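A short worksheet on the structure shown next.
There are 2 protein chains.
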Amino acid sequence: MSITPATPAARPASEPATAAPPAASVAASAAGTPAPGAAFSPLYRQIKGLIVQSLDRGEWKPGEAIPSELDLASRFKVSQGTVRKAIDELAAENLLLRRQGKGTFVATHHEDRVRFRFLRMTPDDGEPVQSDSRFLECRRMRAPSEVARTLDLRGGDSVVQIRRVLSFDSVPAVIEEIFLPGAQFRGLTAERLAEYTGPMYGLFETEFGVRMIRADEKIRAVAAADSDAALLKVAAGAPLLQIERVSFTYEDRPVEMRRGLYLTTHYHYRNSLS
Amino acid sequence: MSITPATPAARPASEPATAAPPAASVAASAAGTPAPGAAFSPLYRQIKGLIVQSLDRGEWKPGEAIPSELDLASRFKVSQGTVRKAIDELAAENLLLRRQGKGTFVATHHEDRVRFRFLRMTPDDGEPVQSDSRFLECRRMRAPSEVARTLDLRGGDSVVQIRRVLSFDSVPAVIEEIFLPGAQFRGLTAERLAEYTGPMYGLFETEFGVRMIRADEKIRAVAAADSDAALLKVAAGAPLLQIERVSFTYEDRPVEMRRGLYLTTHYHYRNSLS
DNA sequence: AAGTGGTCTAGACCACGAT
DNA sequence: TCGTGGTCTAGACCACTTT
């Protein structure tokens with residue numbers, strides 16, 4: 001990234017009167033003479049990076065509007081079209097949300113549309129049901145090696161371990177174990193979790209400034225262990241859907257590791273391939 | 001769709017000398033005066049529809065290049081930018097594939113990149129392994145009511161039923177049952193299937209002109225029935241991943257219904273949420 | 001009426017691949 | 001060298017929302 005927030009477009013102060021705009025050459029010079037093997041980065045992608053940086057450092061909060069395209073264009077000293085293309089990509093990645101006539105907004109987990117992208121369990125018949133969660137555990141511990149590895153922590157770093165049971169219509173259907181980096185979730189307690197109503201990622205976002213953007217999942221069918229079977233009120237050995245999820249925030253930094261066991265007799269995991 | 005293939009851009013033959021191009025008004029007039037409640041459809045989306053029609057009727061075959069942006073622009077009597085935006089969306093939906101310097105190509109299941117979007121089973125360690133399939137059945141029958149419903153067929157229409165076992169490293173790991181509309185798959189026999197090497201969707205595409213674009217899946221954990229357990233060489237009741245898939249071709253027409261049972265002791269289903 | 005994002009055009013130039 | 005897609009700009013106008 002050769003364009004810095006301080007001097008957004010480090011370009012030669014060319015005369016604006018120039019008939020043929022040296023557009024692409026500006027991008028090339030801004031990106032510096034590309035070293036052999038260095039990837040060419042178009043202007044709009046650099047602008048995109050700057051916007052992500054601003055999102056990351058919380059310059060605009062989830063739910064808020066970001067500056068208009070023309071504002072950003074003048075701030076970065078590029079044309080509106082270039083800003084537009086940067087925002088287009090960010091909107092396609094669901095980091096931003098465009099609303100014609102109103103502005104462009106930072107996506108938030110407090111909206112259903114965002115929430116259902118990360119909540120894939122659906123009742124076989126009928127509409128989504130409100131889930132209610134009972135917390136079994138919420139404690140701090142040194143990160144187990146596997147957790148440290150996937151969350152990119154050092155061996156001795158602390159993590160928060162959460163265990164909970166989710167029920168649909170008062171029927172227990174999900175067991176979840178969650179690991180979060182302790183440093184980013186100071187003050188997270190069982191009470192905070194219990195008293196909060198709404199999506200968990202919403203809590204992370206508003207209370208701890210950590211926004212989940214993307215997640216990778218590994219899905220398997222497993223037999224219920226005795227303890228899990230008891231919590232879900234099924235026979236030991238009953239088939240359960242196991243989902244291991246690693247969630248990422250801006251710039252692909254991992255911030256959550258989650259293992260869920262799902263009873264799928266009346267619910268299924270929906271997915272779309274394309 | 002008010003622009004027809006015959007008269008692509010049914011616009012008033014305005015003088016090209018006009019300084020201020022009546023671009024947007026053209027789109028509006030092309031779309032007709034929108035009835036109250038009728039959605040406004042921008043020009044590039046109408047162009048996109050025309051391109052999809054051409055793809056659908058096989059004007060350009062999978063793997064082939066479509067005409068250049070300038071060619072399409074002059075064919076449709078719009079600017080290159082408008083064609084570009086239409087193609088951008090089609091590329092984002094994986095119907096087309098852009099290659100700088102070479103052209104824009106119709107996506108094909110004979111490419112790995114496309115194939116792995118529909119093949120989500122991955123070994124826990126190591127790289128993807130070639131699967132080999134044994135066909136248990138391939139016969140024609142009247143569509144069962146559930147199949148007829150999801151494939152949008154009439155009650156008495158014929159379907160092809162295929163049953164097969166997939167093995168990784170000679171270890172049986174998947175049982176699949178597939179239903180296809182008989183009318184679109186005339187001449188599909190067990191022999192044709194057995195002698196064909198490569199992805200099944202590739203066969204559908206080149207032999208029957210049916211291109212899979214998108215699929216919806218419902219995923220569950222189930223206990224292995226006796227017959228399935230025997231095929232997979234596991235104990236009855238063993239947990240299996242069950243995936244029900246409905247695949248769609250152009251214009252969202254359903255063309256395949258598939259039910260798979262997966263042994264996930266050494267493999268998992270990978271997914272990315274965003 | 002003013003401000004925002006959305007569409008459309010036209011033209012210049014760059015990066016890439018084939019010739 | 002040429003043709004392809006890719007980037008960038010500038011300007012006009014449309015659609016939607018709020019004032």
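Order-wise, the sequence lines are chains A and B.
Here the UniProt record's numbering is used: the first residue of the first sequence is 1, the next is one more, and so on.
Here the UniProt record's numbering is used: the first residue of the second sequence is 1, the next is one more, and so on.
Every residue, glycine too, gets a C-beta built ideally from N, C-alpha and C.
Predicted model, so just to flag it, every value in this text is computed and none were measured.
Item: Within chain A, partners of Lys218 of chain B - CB distance below 9 Å; Value: Thr122, Asp124, His268, Tyr269, Arg270 and Asn271
Item: Chain B contact residues for Arg117 of chain A, given Cβ-Cβ distances below 9 Å; Value: Leu273 and Ser274
Item: Near-chain B residues of the UniProt domain "HTH gntR-type" (41-109) of chain A (beta-carbon distance less than 8 Å), N- to C-terminal order; Value: Ala92, Glu93 and Asn94
Item: Span separating the alpha-carbon of Arg45 of chain A from that of Thr82 of chain A; Value: 9 Å
Item: Given 8 Å, three or more beta-carbon pairs between the segment 162-174 of chain A and the segment 217-235 of chain A; Value: yes
Item: Neighbourhood of Glu244 of chain A by C-beta distance below 7 Å, restricted to the same chain and skipping five residues each side; Value: Glu217, Lys218 and Arg259
Item: Met200 of chain A versus A:Ala143, A:Val114, A:Tyr267 and A:Pro123, residue with shortest Cα-Cα distance; Value: A:Val114
Item: Beta strand (DSSP E) segment containing Lys233 of chain A, residue limits; Value: Here Lys233 of chain A belongs to no beta strand (DSSP E), and DSSP marks it neither H nor E.
Item: Reference Arg253 of chain A; option with closest CA among A:Asp56, A:Leu50, A:His109 and A:Tyr196; Value: A:Asp56
Item: Exposure of Arg211 of chain A, with buried meaning 16 or more beta-carbon neighbours within 10 Å; Value: buried
Item: Ser247 of chain A CB to nearest heavy atom of the ligand PLP below 6 Å; Value: With respect to small molecules bound, the structure shown includes none, and the ligand PLP cannot be examined in it.
Item: Ile178 of chain A versus Ala238 of chain B - alpha carbon distance; Value: 27 Å
Item: First through last residue of the beta strand (DSSP E) which encompasses Ser272 of chain A; Value: Tyr267 to Leu273
Item: Cutoff 7 Å: Leu241 of chain A Cβ touching any chain B Cβ; Value: yes
Item: Test: Arg214 of chain A CB closer than 7 Å to a CB of chain B; Value: yes
Item: Residues in the segment 220-235 of chain B having any Cβ partner in chain A nearer than 8 Å; Value: Arg220, Ala221, Val222 and Ala223
Item: Spatial neighbours of Asp132 of chain A in its chain, beta-carbon cut-off 6 Å, leaving aside the 5 residues before and after; Value: Ser167
Item: Beta carbon proximity, Thr249 of chain A to chain B, threshold 7 Å; Value: no
Item: Neighbouring residues, chain A, relative to Thr264 of chain B (Cβ below 7 Å); Value: Arg220 and Ala221
Item: Rounded C-alpha distance that separates Asp157 of chain A from Arg220 of chain A; Value: 29 Å
Item: Collapsed DSSP secondary structure at Ile66 of chain A in the structure displayed; Value: coil
Item: The segment 96-112 of chain A touching the segment 57-67 of chain A, judged by at least three CB pairs closer than 8 Å; Value: yes
Item: Residues bridged to Tyr262 of chain B [DSSP beta-bridge criterion]; Value: B:Val174 and B:Leu241
Item: Through-space distance from Asp71 of chain A to Asp88 of chain A, alpha-carbon basis; Value: 16 Å
Item: Where the beta strand (DSSP E) containing Ile162 of chain B begins and where it ends; Value: Ser158 to Phe168
Item: Contacts of Gly198 of chain B in chain A (Cβ-Cβ under 7 Å); Value: Near Gly198 of chain B there are no residues of chain A at all, since even the closest Cβ is about 19 Å away, more than 7 Å.
Item: Assigned secondary structure, Ala39 of chain B (DSSP; H/G/I helix, E/B strand, else coil); Value: coil
Item: C-beta neighbour in chain B for Gly209 of chain A, strict 7 Å; Value: no
Item: Straight-line gap, Val255 of chain A to Phe208 of chain B (C-alpha atoms, nearest Å); Value: 46 Å
Item: Reduced DSSP category for Gly103 of chain B - H, G, I as helix; E, B as strand; rest coil; Value: strand
Item: 7 Å Cβ cutoff met for Lys48 of chain B and Ala86 of chain B; Value: yes
Item: Whole-angstrom distance between Gly187 of chain A and Pro215 of chain B, CA atom to CA atom; Value: Here residue 215 of chain B is Ala; the residue named in the question, Pro, does not match the sequence. Whole-angstrom Cα-Cα distance: 43 Å.
Item: Own chain residues within Cβ distance below 8 Å of Arg120 of chain A, not counting five before or after; Value: Tyr269, Arg270 and Asn271
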